[in-house]
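See structure below.
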Amino acid sequence: MRRRVAAGWVVAASLLACSPAQAPAGTPGGLVRAPAPQATLAQLVQDVGGRGAAAMPQRYAYLEKIDSHLQDVAESRLGAGDAAAAATAARRQGVTITAGGDALADVYVSGDPARAAAALRALGMRVTAVSEREPQRIVEGYLPPEAIARAAALDKTRAIVTPVARLATGSVTSQGDDAINGPEARALGPAGAGVPVGIISDSINSVGGGIAHSVASADLPADTADLSSPPSSGTDEGRAMAEIVYDEAPGVSRIRFATANGGPAAKAHAIDALVADGAKVIADDTSYITEPFFQDDVIAQAVDRAKAAGVAYLVSAGNDGQNGWGAAYAPAPDPSGQSASTEDFDPGPAVDTVQTIGTFGSGDVANLVLQWAEPWGQASSDFAVDVYQQGNPTPIPVSDTNNLATGIPEEFVHLQFGATATIGVAIRRVSGSGTPFLKLVAFTNGAGQVNIEHLADGGAIDPGASSADGALTVAASDWSTPTVPEAYSSRGPVTHFFDASGARFAVAETRQKPDLAAPDDVQTSIAPMFSPFPGTSAAAPAAAGIAALIRSAKPAMPIDELYAIMTSPENALDCPAPGNPDIDCGAGFLLADSALAMALDPTPPVIAPVLSPARPDGTNDWYREPVGVTWQVEDPDSPVVAPAGCAPASLTASASVNCSATSAGGTTSVPVSVRIDGSPPSAPAFTGIGAKTYVPSTLPRSRTVACKAADPTSGVVSCSVAGYHSAFGTHLLSATATNGAGLTATSTLRYTVAKPVAIARLRLSKLGLPRLRTAGLTLTVQVAAASTRLVARLVAVVPNASATGTRAVAVGAVTSKVPAGTRTLHVRLTTRGRALLSALPRTTLKLTLSGRSAHARSASLQSSLVVRR
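According to my numbering, the sequence shown holds residues 6 to 874 in order.
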């Protein structure tokens, strides 16, 4: 829908800012305009004692912490206003207000929420819940309109916003039971026995005979109760949901209800309460459409806690088809002149600053929610939404919050229609920079003919529980045409840019939603409102009934296995949309009998390790190189979930790895131990021999020569020595150490075997001349080699006959062939020698001993001694 200067846009009298019943008489066409946001704020400043927005002193800046919807409600009550005016403003702005006139509000606070709650109670707030979790540290409850401004003035108040709740809405047996093959499923045995079920909706005991009526007609079990304080009013949509669950799982004997009324924090507490009460399956059909689109709110976090506790959480996807548009901000000049730039919706070269949303009829309600990808509570940009009706360039007055003041990156417009009208929207940048991703969703709950002109990122899954990773989000198909999703059933996917604390993901997280489809447009006993019961509100409990059957069949089944069975395409009828899962109905229209048969799988997964290389390349089952380990995990009868340790691995050292996985048949765990030693042992060291020269008598024997080495991984299995020789010469020893993996290390050693000296040592006995003459000379000699011929010669040094000088005279000799060792020789004097020595008083004897052997080097030793009488 392009903005045209000539024809322009016309604000038709059929577009109302309140319900037709409240249109004042005499207004042409029943049109009631909402006050301009600037005028509302200026009047609110005056009401609290200021002089108007134009001259607003800084002391009144706190009023901008109030979102524009609640500003209207507060202003309508203050000054000349009254409770009736505040109630009219609440209806005009989509604000929930009690019969007593209090407005539902979320007060974002800094510091301790409990202390802030005490201060708000002192102002008259009826606190229903307190959240201490990011991104919503809030005190939630009902504020008297006259106290809204004073609440904003508290130093702990960061923002005051209105949460917008809605239901995803449609003795009796639901037609959906036949459509999902419920009778065939129950024929397999399980019927829901032992499975407590929780229901979250608006009410369960407010219409007609309430719970007692449904129990009496056998549409609910006797043990059905409401955990919440009964709301002042409700449709008992929760009772209709409970009846659908009970139709499919009539063995369920305990159902508990908790209302989602009261705000997102109150709903999060309701989820926790059902889990604490023992619910194993929860069905939910509620949402707060002004919750964060791009990160998990307190409700989504509660859903994730429920799943972590083993609770199956089934939630309606919403009834908004593909009523979403999203793209990075593409600035174009603002023709209205109100802002520097406005969004160009046309992705091509043309410029289109007003996008058609659709056509709505009398009685229709549309909630337009714009958010941009900035952390919740930390908005750095301020955008405004302008609403136009075809024909006039002047936008109708709608709420416009100062997002920098509240920190909430969101604008919300509530529209009611008294006659047919076609509308379009513009998105203006008020402040900020950059091109954040924008997402606009027309939440219509199936009303009107939405036809977004430039459809992009058309996902319209409800925020909160429906977008939670821990939920199974359920699309709706009419029970009579199960493979055709309802046109109004919300399509996916869901994209998150931030974690719950507001930290940006490195890569945006896309969640496949919806997860599955189930029947709607079915009958319940609550007539006429829920007979038939259309919408994803009916589909969610239909899927919950199947979950109850599975839970009763396998109470100990891990929650991930239950989810895998319920989202297995094998158990569903595929939708026409391309792909599976797809954005229309996820894995498809779930069939109870197929899902239950899969849940009854009696055998666990089969796990087989695959090693590369397949066999050890070393000895003794040792690998020498890194080993790749992959796993084949199979179960042909049910999905395999919760694999642990089954990722491919490359092992570079010895290790034990274990792969375990679960299916409906149980858990299998397979260990694999791999021994790896890629390093040889240390260089072996020789023992018993050294790198030196030996003679045969000192050469170590071969049996004493060995080696040793170390290997800290596979150990040394052998160390051997080769090259030993005892022959004369130089020899090279080689030592080889081998470890358990068969790797070796070697060392060498050189040694020499040398011939010994034939005689190594000579020792003479001491004696005098008399004994020498008579007994000769006894000597001891160390012989080095066998068969050594010893020759000893004894010479006496005597004076010359001329009485001058001396001369040597041989006086004795002996020759003997002896073995190696210490030997004794006896040298006797010759006759001449005895005669010569007998005349001398003293003399010097010289002994020469020579030894010769083939096994030793010849040697000669000499010694001398003086002999006296």
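By construction, the Cβ of each residue, glycine as well, lies at the ideal position given by its N, Cα and C atoms. These numbers come from a predicted model, not from an experiment.
Nearest to residue i by alpha carbon, out of the options?
i	options	result
V316	I564, T793, G215, S494	I564
T657	V632, G54, G650	V632
S404	G86, R812, G99	G99
A859	A825, K851, H831, F422	A825
V359	Y393, Y334, G693	Y393
S495	A561, E139, S542, L567	S542
D289	F298, G283, L279	L279
S573	N585, Q51, A332	N585
G461	L445, L554, V257	In the sequence under discussion, the amino acid at residue 461 is Ala, which differs from the Gly named in the question. Closest by alpha carbon: L445.
F691	T672, A227, S136, S725	S725
S136	Q787, P804, G146	G146
T103	L866, V114, P150	P150
P539	D207, A95, G817, A245	A245
N408	D387, Q395, A424, N397	D387
R120	V800, T101, E139, K161	K161
R828	G423, I764, Q306	I764
A247	R680, A797, D391, S206	S206
A694	A227, K713, D682, P380	The residue you asked about is not Ala; residue 694 is Ile in the sequence shown. Selected option, being the one with the closest Cα: K713.
D351	W330, G683, S344	W330
A270	G283, A305, K285, V257	A305
Y729	V132, V710, L46	V710
T295	A476, G469, K822	G469
R434	N397, T411, V512, G342	G342
C651	D716, V611, R97, H419	V611
Mind checking whether residue i and residue j have CB atoms under 8 Å apart?
i	j	result
G203	A263	yes
R778	L845	no
D606	S557	no
G268	L109	yes
W377	F417	no
V638	A548	no
P902	R839	As shown, the chain starts at 6 and ends at 874. That puts residue 902 outside it, with no answer to give.
D241	S222	no
G366	T427	no
G94	V112	Reading the sequence as shown, one finds Ala at residue 94 and not Gly. No, they are not a contact pair.
S472	R516	yes
E379	A431	no
S868	L767	yes
G507	P140	yes
L567	P487	no
L852	L738	no
E630	G550	no
Quick check on residue i - is its C-beta less than 8 Å from some C-beta in chain D?
i	result
I531	Chain labels in this structure do not include chain D; a single protein chain is all it has.
Using 8 Å for Cβ pairs, my map puts residue i next to residue j. What's the rounded Cβ distance?
i	j	result
A92	G106	6 Å
P519	V527	Actually they do not touch by this definition, with Cβ atoms about 18 Å apart.
V308	Y318	5 Å
R259	D301	Between D301 and R259 the Cβ distance is about 30 Å, and since that is not below 8 Å, they are no contact.
V800	V786	That pair is no contact at about 18 Å.
P524	A544	6 Å
V762	A864	4 Å
A337	V356	5 Å
Y334	T406	Actually they do not touch by this definition, with Cβ atoms about 18 Å apart.
L854	T848	Rounded, the Cβ-Cβ distance is 19 Å, inconsistent with contact.
Review point. Is there contact between the segment 315–334 and the segment 449–456, where contact requires at least three CB pairs shorter than 8 Å?
Key: yes
Point to revise | Complete runs of the alpha helix (DSSP H) confined to the segment 397–443 [at least 4 residues] | key: 408–411
Exercise for review: With a floor of 3 residues, list each beta strand (DSSP E) that falls wholly inside the segment 588–653, ordered by position along the chain.
Suggested key: 611–617, 632–639, 646–649
Check your understanding: Which ranges does the beta strand (DSSP E) cover as unbroken runs of at least 3 residues, wholly within the segment 93–123, from first to last along the chain?
Key -> 108–114
Exercise for review: Let me know the beta strand (DSSP E) ranges lying completely inside the segment 709–781, each 3 residues or longer, listed in chain order.
Suggested key: 711–713, 721–727, 734–744, 749–758, 764–769
Point to revise | At least three beta-carbon pairs within less than 8 Å, the segment 587–598 to the segment 717–726 | key: no
Check your understanding: Using 8 Å as the Cβ pair cut-off and three pairs as the minimum, do the segment 631–646 and the segment 663–678 touch?
Key -> yes
Review point. Does the count of Cβ pairs from the segment 792–812 and the segment 702–710 closer than 8 Å reach three?
Key: no
Review point. Is the segment 461–476 close to the segment 485–505, with three or more CB pairs under 8 Å?
Key: yes
Review point. So does the segment 153–170 actually touch the segment 61–76, counting three or more Cβ pairs closer than 8 Å?
Key: yes
Exercise for review: Report the residue ranges of all alpha helix (DSSP H) runs contained in full by the segment 543–593; include only those spanning at least 4 residues, in chain order.
Suggested key: 564–571
Review point. In chain order, which continuous runs of the alpha helix (DSSP H) of length 4 or greater are located wholly inside the segment 237–275?
Key: 242–253
Check your understanding: Okay, do the segment 188–204 and the segment 247–258 touch, 3+ Cβ pairs below 8 Å being the bar?
Key -> yes
**Study point:** Secondary structure, beta strand (DSSP E): runs of 3+ residues fully inside the segment 151–186
**Key:** 162–166, 170–172
Review point. Which ranges does the beta strand (DSSP E) cover as unbroken runs of at least 3 residues, wholly within the segment 651–691, from first to last along the chain?
Key: 654–656, 660–668, 671–681
Review point. Which full runs of the alpha helix (DSSP H) of 4+ residues lie inside the segment 801–868, going along the chain?
Key: 836–843
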